[in-house]
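K.L.:
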Amino acid sequence: MSDHHDHHHNVLLLGFEDRARCRLAYEDAMHLPGARQVAVLERDAEGILDVPESHIRGAGVPTVGSGLVGGLVGLLGGPIGVLLGFAAGAAIGNAAEQAEITDGGAGLIVLSSRVDNGRALLVVDLVEDETGPADALAAKYGATVERISAERFAEQVQAAKDQADEDLAEDAEDAADADRG
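Numbering (our numbering), first residue to last: 8 to 188.
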């Protein structure tokens, strides 16, 4: 019998050379014990990033409906799918949702650097009691596995968001200087 301390909230990144195999693994990953959210990130030969598959256990939360990837990419609940054009009809009405989109976008930036052209990444947000089931899934499909604690991943996302905010502030300052000059 395991206690609360045996549970590890992780983000699993399974790397694939074959995008079709990644999509097959996605189907199995949805059934991993403790899986909360699962998504496939693919980059085509030209370098265009796509999120063709995503699943959120218990979907029905209002913000989930407006973005296919939801909080998985940023672990912060934001509908980044809107940024990618996946939810063209979604209406984003309030500042909280806008902030979630920004957080999700930062998460996408963090993950996108791990997807090479022509490859795919299966991202699984899960609470693990043991690593066996996820490791077996990776072995079954010949994927590489990177395990990041959800807390550490959230820190990486926040750092990316802070950098993006800083870059935006610098761009705005440069534009203002150009207008004055």
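Even glycine gets a Cβ: it sits at the ideal position worked out from N, Cα and C.
Which first and last residues belong to the beta strand (DSSP E) in which E60 is found?
P.N.:
56 to 63
K.L.:
If I follow the unbroken beta strand (DSSP E) through E49, where does it start and stop?
P.N.:
42 to 50
K.L.:
According to the neighbour-count rule (16 or more other Cβ atoms, all chains shown, within 10 Å of its Cβ), is A36 buried or exposed?
P.N.:
buried
K.L.:
With distances taken from CA atoms, which of G139, T138, R154, D136 is nearest L129?
P.N.:
R154
K.L.:
Are the beta-carbon atoms belonging to L48 and L118 less than 8 angstroms from one another?
P.N.:
Yes, the pair counts as a contact, with Cβ atoms nearer than the cut-off.
K.L.:
Can you have a look at V134 and say buried or exposed, based on whether 16 or more other CB atoms are within 10 angstroms of its CB?
P.N.:
exposed
K.L.:
How many angstroms separate the CA atom of A59 from the CA atom of A46?
P.N.:
Reading off the sequence, residue 59 comes out as Pro, not Ala. Taking the straight line joining both Cα atoms gives about 8 angstroms.
K.L.:
Counting C-beta neighbours from all protein chains within 10 Å, is the total for S156 16 or more, i.e. buried, or is it exposed?
P.N.:
exposed
K.L.:
Reducing DSSP to helix, strand and coil, say where D186 ends up.
P.N.:
It is helical.
K.L.:
Taking A127 and F23 to be in contact with their CB atoms under 8 angstroms, please state how far apart those CB atoms are, rounded to whole angstroms.
P.N.:
4 angstroms
K.L.:
Return yes when the Cβ of R64 is within less than 8 angstroms of the Cβ of A32, no when it is not.
P.N.:
no
K.L.:
What is the rounded straight-line gap between the Cα of R159 and the Cα of L19?
P.N.:
The straight-line gap from Cα to Cα measures roughly 12 angstroms.
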